[in-house]
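Before any comments, here is the structure.
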Amino acid sequence: MEHHTTLINLHSQNLNWLSSPLAGSLLLSLIIPGRRLEKYTKLYKQLKGLKGFDLRNRIFISPNCKLKHTASKGEVTEFDRNGATAVSEWLNKYGFKDYDIHTFCSKSDYMLINLTKFQMSWNRVGACGPIVTVYNSFNYTEDVKYEARLIEIPLENKEFKLVIPVPNEIDILKCLVKKLNDEGLSSAVKSIQPLFTAVSELKAPEIEYEANTEFSIEQREFDSPLVQMNRGSVKVNNEGIIIDCVTCILPSQSHREKSKLEPVGENAVKPFLFSILFRDTAIFSGRCELGK
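Going from the sequence shown to this note's numbering is simple: count from 1 and add 3.
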């Protein structure tokens, strides 16, 4: 059975967050045999070695942990006393020097860690800015009224794209975000009825933020619940996109404190939601508040 994740405080009106559906699913596949995660394991094989994308998984495990016998052997690092120290050293090795795992756990028999780095320029035509596709819906009143629903911006490797849901109605927005992340762009586009598509040149938004995010993971394979945490940074500008994301899964009883999710101020009134897709599958999703 597929795992289900629920983002803590997802419906806060003043919250920045970042997650990687790909990373969370890959980490669970390392310790839970027979899970139906072929979609993500196949995607991982397709992504390996692609320019601008780097992904690494690691299981940190104590010698007496029962998962030692079921975990993927090629991805394991054993620790004797302090797993958090072992994780921090590994993070530092790959450039994540400001990520302090001690903040999140006091004692754990195991921790699953994924590092994902993504950096890519926009796909451009000559000297023009990025060419975007806008998926609109329309209705007939006295005049035809067009309302944007999704904006798709291709990256240098056209199999990657930034997709931004933009409806003003909150219920439509939530529905589109869920469908986009769970089922992909093609399903999200099919849900827009009636549909009108336009192609345009657009100056990319200027977005830069950091986020700490927590998930609870519902599953039946473990006696105790798991916690998934993401910490990362996002930068979107007229040149392209840069994302660094650390995903950590560990038993909830070893989770010392919740991440401190900082509000961004009373002037932050406009949410910016996005997904980064490879082909038709979300590998990142996030939300930040934009000022007036």
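Cβ atoms here follow ideal geometry from the backbone N, Cα and C, with glycine treated the same way.
Check: Alpha carbon to alpha carbon, how far is glutamate 92 from serine 124?
Finding: In the sequence shown, the residue the question calls residue 92 occupies position 89. In the sequence shown, the residue the question calls residue 124 occupies position 121. The alpha-carbon atoms of glutamate 92 and serine 124 are separated by roughly 31 Å.
Check: Of the choices Lys206, Phe82, Lys42, Lys48, whose alpha-carbon is the least far from that of proline 157?
Finding: As a working note, residue 157 is residue 154 in the sequence shown. Here the closest residue by C-alpha is Lys206.
Check: Can the beta-carbon of threonine 80 be found less than 7 Å from the beta-carbon of arginine 61?
Finding: Residue numbering aside, residue 80 sits at position 77 when the sequence shown is read from its first letter. Residue numbering aside, residue 61 sits at position 58 when the sequence shown is read from its first letter. Their beta carbons are under 7 Å apart, which means threonine 80 touches arginine 61 by this criterion.
Next item on the list: Between the Cα of serine 278 and those of Glu186, Lys69, Asn95, spot the shortest distance and give me the residue it belongs to.
Entry: One-based indexing of the sequence shown puts residue 278 at position 275. When only C-alpha atoms are compared, the closest one is Glu186.
Check: In whole angstroms, what separates the C-alpha of aspartate 112 from that of leucine 21?
Finding: As a first step, residue 112 must be located in the sequence shown, where it is residue number 109. As a first step, residue 21 must be located in the sequence shown, where it is residue number 18. Cα to Cα, the separation comes out at about 26 Å.
Check: Across which residues does DSSP place valine 239 in a beta bridge pair?
Finding: Here the question's residue 239 lines up with position 236 in the sequence shown. Answer is Ile210, Ile244, bridged to valine 239.
Notebook entry, point to check: What's the gap between the Cα of glutamate 292 and the Cα of threonine 136?
Noted result: On the sequence shown, residue 292 is found 289 positions in, with the first residue counted as 1. On the sequence shown, residue 136 is found 133 positions in, with the first residue counted as 1. Cα-Cα distance, rounded: 23 Å.
Margin query: Which residue wins for smallest C-alpha separation from lysine 48, given the options Glu78, Leu29, Phe275?
Written below: The count along the sequence shown starts at 1 and reaches residue 48 at position 45. Comparing Cα positions, the closest option is Leu29.
Notebook entry, point to check: Name the DSSP beta bridge partners of alanine 285, please?
Noted result: By one-based count along the sequence shown, residue 285 stands at place 282. Leu280, per the DSSP bridge assignment.
Check: Can you tell me whether valine 128 is buried or exposed, with buried defined as 16 or more other CB within 10 angstroms of its CB?
Finding: Position 125 of the sequence shown, counted from the first residue, corresponds to residue 128. Exposed is the call here.
Margin query: According to DSSP, is proline 24 part of a helix, a strand, or is it coil?
Written below: Against the sequence shown, residue 24 aligns to sequence position 21. Residue state, collapsed to three classes: helix.
Note to self: Using a Cβ-Cβ cutoff of less than 6 Å, which residues in the same chain neighbour isoleucine 286 once the five nearest sequence positions on both sides are dropped?
What the structure shows: By one-based count along the sequence shown, residue 286 stands at place 283. Taken in chain order, the residues that qualify are Leu25, Ile279.
Next item on the list: Can you grab the Cα-Cα spacing for the pair methionine 114 / leucine 31, in whole Å?
Entry: One-based indexing of the sequence shown puts residue 114 at position 111. One-based indexing of the sequence shown puts residue 31 at position 28. Cα-Cα distance, rounded: 11 Å.
Check: Between proline 66 and glycine 27, what straight-line distance do the alpha-carbon atoms span, to the nearest angstrom?
Finding: Taking the first residue of the sequence shown as 1, we reach residue 66 at position 63. Taking the first residue of the sequence shown as 1, we reach residue 27 at position 24. Those two C-alpha atoms are separated by around 24 Å.
Checklist line | serine 288 classed as buried or exposed, judged by whether at least 16 other C-beta atoms fall within 10 angstroms | finding: Residue mapping note: residue 288 aligns to position 285 of the sequence shown, counting from 1. Buried, by the Cβ-count rule.
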